[in-house]
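Note that numbering that gives the first Met the number 0 has the sequence shown beginning at 0, numbered continuously upward. From the three backbone atoms N, C-alpha and C, an ideal C-beta is built for every residue, glycine too.
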Amino acid sequence: MRTVDLIHKKRNGGQLTRGELSFLVDGYSRGEIPDYQMSAWAMAVYFQGMNARETAELTLAMARSGDQVDLSPIHGIKVDKHSTGGVGDKTTLIIGPLVAACGIPVAKMSGRGLGHTGGTIDKLEAIPGFRTELTQEQFFEQVNGIGLAVIGQSGNITPADKKLYALRDVTATVESIPLIASSVMSKKIAAGADAIVLDVKTGSGAFMKTAADAEALAKAMVDIGAEVGRQTSAIISDMDQPLGYAIGNALEVREAIATLRGEGPSDLTELCLALSAQMVVLGGQAPDLKTAEAMLRDRLASGAALDKFRAFVAAQGGDPSVVDDPDRLPQAPAIVEATAGRSGYVQRINAEELGLAAMLLGAGRETKDDQIDYAVGLMISRKVGDRVEEGDPIAWLHAGADDEKTRQVAERTRNAYTIGNAAPDMQPLLLSVVT
Ligand code: URA
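Laid out in structure tokens, this is it:
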């Protein structure tokens, strides 16, 4: 087999066989196929696409390229959740204990963040003492014991995807639905989940800017799940503004705790309930979404979900008293207001800009070696549709110092808001479900 023939075949709209896709993925992983040929192939896929069978076979070839986690020592159906990423997305911190309290084993491997704010692992490490490195035995034991463990991604999961994604990043081939779908699903499959629930975001703060693109991506991923025998469902949700009010690691933990108390922002609560209900149904703990949602609301109201979070924090070495006294979380020395430039209604919020503002305060990493400041970030006080008067605070910046740099970030925060005379048409948070 020659790589040039496979590039030619795809360029002309042909469909590659399983053997041909494995040849490409394995050859590229081993360094036998050079970057220039793999990028030509990725560009051919960008223009010609791939059918569902090819996409699933590419996914499996990438999943096989490194370690494949065997979660069979954990009892029950393991349901994983994945979000395509968004500003202020702290859903894993809420959904993990919530579904664990319904009997779904949560054995989650999560990443650190590169970009606006930290990933789930960084957020958890904002809790004093919390450890995200467990041995495999400790990980399995904890999930079998309390139903929930979250560890940092270790080992060698999907090296082929890592290499191909880095190549796509510099060859303008990221925005291909079959390539994104296979990249995301290869990691979930290698991580060992039996079933997968996807939160596919759309809007200004998301990767997929339109609902139609988000639906196409969701469908491609659900189809891969069906082809490879892992039940998958997806929720399309709006990311035209941050989720909840907190952006920044310790601030997001605090908001997650409030949500587990049943006192969280309504958008965050609604999305967590919708994703959790899908997980509870796929995990076989409820016959339908309505029953699942009633179970979940009960676990919030009874305090069972909060108790699960407390047990989880303690099991991983964290200070469980933060659950009852969130002031024990890291706190920033300075709080600086960003105020509204005029009176009116918030018509739009550029979520990406707010994420960037949080990063400039130190909540995220620009390069993988940057140190995160867990305490810093933004607490916004107005969301789309809210009324605001000139000079009112629209956000509080939790910062390392009240200095010129922080004031520049406050200006940037103010500029991320579009305020107009009329109340805007409101977009629902949950746009559709793809199963
Ligand atoms: N996220 C991924 O993991 N892969 C992609 O290709 C795009 C986003």
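Taking all protein chains shown into account, do 16 or more other C-beta atoms lie within 10 angstroms of the C-beta of residue i, making it buried, or fewer, making it exposed?
i: residue 141; result: buried
i: residue 6; result: buried
i: residue 461; result: With the chain running from 0 to 434 in the structure shown, residue 461 is simply not present.
i: residue 185; result: buried
i: residue 312; result: buried
i: residue 232; result: buried
i: residue 2; result: buried
i: residue 362; result: buried
i: residue 120; result: buried
i: residue 157; result: buried
i: residue 134; result: exposed
i: residue 402; result: exposed
i: residue 22; result: buried
i: residue 424; result: exposed
i: residue 379; result: buried
i: residue 504; result: The first residue shown for the chain is 0 and the last is 434, placing residue 504 beyond what the model contains.
i: residue 165; result: exposed
Could you please give the first and the last residue of the uninterrupted alpha helix (DSSP H) stretch that includes residue i?
i: residue 45; result: 34 to 47
i: residue 354; result: 350 to 360
i: residue 89; result: Counting along the chain, residue 89 falls outside any alpha helix (DSSP H), and DSSP gives it neither H nor E.
i: residue 256; result: 248 to 259
i: residue 456; result: Absent from the model: residue 456. The displayed extent of the chain is 0 to 434, so no value can be given.
i: residue 437; result: Examination of residue 437 is not possible in this model, given that the chain is present from 0 through 434 alone.
i: residue 277; result: 265 to 281
i: residue 122; result: 119 to 124
Which residues does DSSP pair with residue i in a beta bridge?
i: residue 150; result: 108
i: residue 201; result: 207 and 237
i: residue 160; result: Partner(s): none; residue 160 has no beta bridge.
i: residue 305; result: In the DSSP output, where bridge partners are listed per residue, residue 305 has none listed.
i: residue 344; result: 386 and 419
i: residue 196; result: 80 and 232
Which residue comes first and which comes last in the beta strand (DSSP E) that contains residue i?
i: residue 27; result: Residue 27 -> not in any beta strand (DSSP E); alpha helix (DSSP H) instead, spanning 17 to 28.
i: residue 419; result: 416 to 419
i: residue 336; result: 333 to 338
i: residue 1; result: That residue, residue 1, is in no beta strand (DSSP E); it is neither H nor E in DSSP.
i: residue 394; result: 392 to 398
i: residue 71; result: Unbroken run through residue 71: none, as it is neither H nor E.
i: residue 78; result: 78 to 82
i: residue 430; result: 429 to 433
So, under 8 Å CB-CB, residue i and residue j are touching, yes? Tell me the CB distance rounded to an integer number of Å.
i: residue 27; j: residue 37; result: 5 Å
i: residue 188; j: residue 229; result: 6 Å
i: residue 329; j: residue 374; result: 4 Å
i: residue 250; j: residue 276; result: No, residue 250 and residue 276 are not in contact; Cβ-Cβ is about 27 Å, not under 8 Å.
i: residue 66; j: residue 154; result: 5 Å
i: residue 483; j: residue 428; result: Summary: the structure shown does not reach residue 483, with the chain confined to residues 0 through 434, and so no result is reported for it.
i: residue 149; j: residue 107; result: 5 Å
i: residue 394; j: residue 412; result: 5 Å
Next on the checklist: Which residues end up in the neighbourhood of the ligand URA when you take C-beta atoms closer than 5 Å to any of its heavy atoms?
Outcome noted: 179, 182 and 183
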